[in-house]
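Number of protein chains: 2
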Amino acid sequence: MLNFDSQGLMPAVIVDDETGTVLLVAFMNQEAYQLTRESGQTHFFSRSRNRIWHKGEQSGNVQDVRDMFVNCEENSLLIRVKQHGDAACHEGYQSCYYRRLLPDESYEIVAERIFDPEDVYGTE
Amino acid sequence: MLNFDSQGLMPAVIVDDETGTVLLVAFMNQEAYQLTRESGQTHFFSRSRNRIWHKGEQSGNVQDVRDMFVNCEENSLLIRVKQHGDAACHEGYQSCYYRRLLPDESYEIVAERIFDPEDVYGTE
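Protein sequences appear in the order of chains W and P. For the first sequence, the residue numbers in the numbering used here are 807 to 930. For the second sequence, the residue numbers in the numbering used here are 807 to 930.
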């Protein structure tokens with residue numbers, strides 16, 4: 807049985823099924839988990855927007871679930887996906903982890919942008 | 807600047823630097839993050855034990871940090887490590903995600919055990 811935390815959430819690591827790249831970590835509540843299972847596409851609970859979020863709902867870069875794994879404590883998930891649009895990050899990169907953290911706490915971009923966020927989301 | 811959540815925590819995905827396998831997800835608070843940076847070995851904050859946890863402190867299976875990445879929102883980390891003892895999971899598997907979640911919500915073990923937890927942690 808899955809153990810959601812005291813806030814009803816569970817982290818899920820999303821991995822590209824073809825390349826093995828870690829794309830993102832997001833949180834699921836029970837409803838997001840059920841929607842993911844029923845639809846076959848990832849759904850999360852956005853803590854900042856306080857609502858369910860169908861990954862790719864705006865960009866079209868949805869994620870088809872290929873495989874799911876549960877950890878020893880049954881309090882987190884690893885989900886292998888087919889990433890549509892080749893980019894999971896709203897900043898236009900394949901992975902949300904496109905910056906290396908350097909010893910002086912600065913960042914170094916280590917990936918190529920796949921799309922321009924303005925083209926996909928418009929200007930803010 | 808890293809954004810810890812309302813509970814002062816941030817999820818960290820730990821990846822085996824040699825194989826690319828996702829080993830575990832755990833949480834860091836500011837202190838665990840600082841200890842990780844200063845020592846070069848992963849430290850987490852255990853929500854169940856409410857204390858800092860030096861990964862491998864009991865088993866000896868420590869993790870040397872090889873590389874760190876931050877996500878777009880600066881609220882989670884991806885850390886590539888050298889895993890000592892070849893197993894990150896206290897159940898004796900390389901990865902904590904050693905069970906596939908099947909459509910009927912049952913689990914299927916998909917990995918080989920590397921050590922017997924009783925040998926490492928004793929009987930409970």
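Heads up, the beta-carbon is just placed ideally off N, CA and C, and yes, glycines get one too.
Going by DSSP, VAL926(P) is part of the alpha helix (DSSP H) stretching over 923-927. Within chain W, the C-beta atoms nearer than 9 Å to that of PRO817(P) come from PRO817, VAL819, VAL831, PHE833, SER882, in chain order. Counting of Cβ neighbours within 10 angstroms places THR842(P) among the buried residues, the total reaching 16 or more. By the 16-neighbour rule on beta-carbons within 10 angstroms, LYS888(P) is exposed.
Residues of chain P with a Cβ closer than 9 Å to the Cβ of PHE850(W) do not exist; the shortest Cβ-Cβ separation is about 13 Å. No Cβ of chain W is located within less than 8 Å of the beta carbon of VAL871(P). Here DSSP, grouped into helix, strand and coil, assigns ASP870(P) to strand.
Ranked by Cα distance from LEU830(P), the first of SER865(W), VAL916(W), CYS878(W) is CYS878(W). DSSP lists ASP870(P) as the bridge partner or partners of LYS888(P). Put simply, the CB of LEU907(P) is near chain W, with a gap under 8 Å to one of its CB atoms. Looking at the DSSP output, ILE820(P) shares a beta bridge with LEU830(P), ILE885(P). If the five residues before and after TYR903(W) are omitted, its C-beta is found closer than 7 Å to the C-beta atoms of VAL828, all from its own chain and listed in chain order. Residue environment: GLN869(P) is assigned as buried (16 or more neighbouring CB atoms within 10 Å of its CB, all protein chains considered).
Contact check for VAL821(W) and LEU884(W): beta-carbon distance about 6 Å, within the 8 Å limit, so the pair qualifies. Closest option to GLU924(W), judged by alpha-carbon separation, among SER852(W), ALA838(W), HIS890(W), GLN864(W): GLN864(W).
Taking 8 Å as the threshold, the shortest C-beta distance from VAL828(P) to chain W falls below it.
Within the region 877-904 of chain W, the residues whose Cβ lies closer than 7 Å to some Cβ of chain P are ASN877, CYS878, SER882, LEU884, CYS895, HIS896, GLU897, CYS902, TYR903, listed in chain order. Under the Cβ distance rule, TYR913(W) counts among the residues neighbouring chain P, one pair being separated by less than 8 Å. Nearest CB-CB separation between PHE875(W) and chain P: below the 8 Å threshold.
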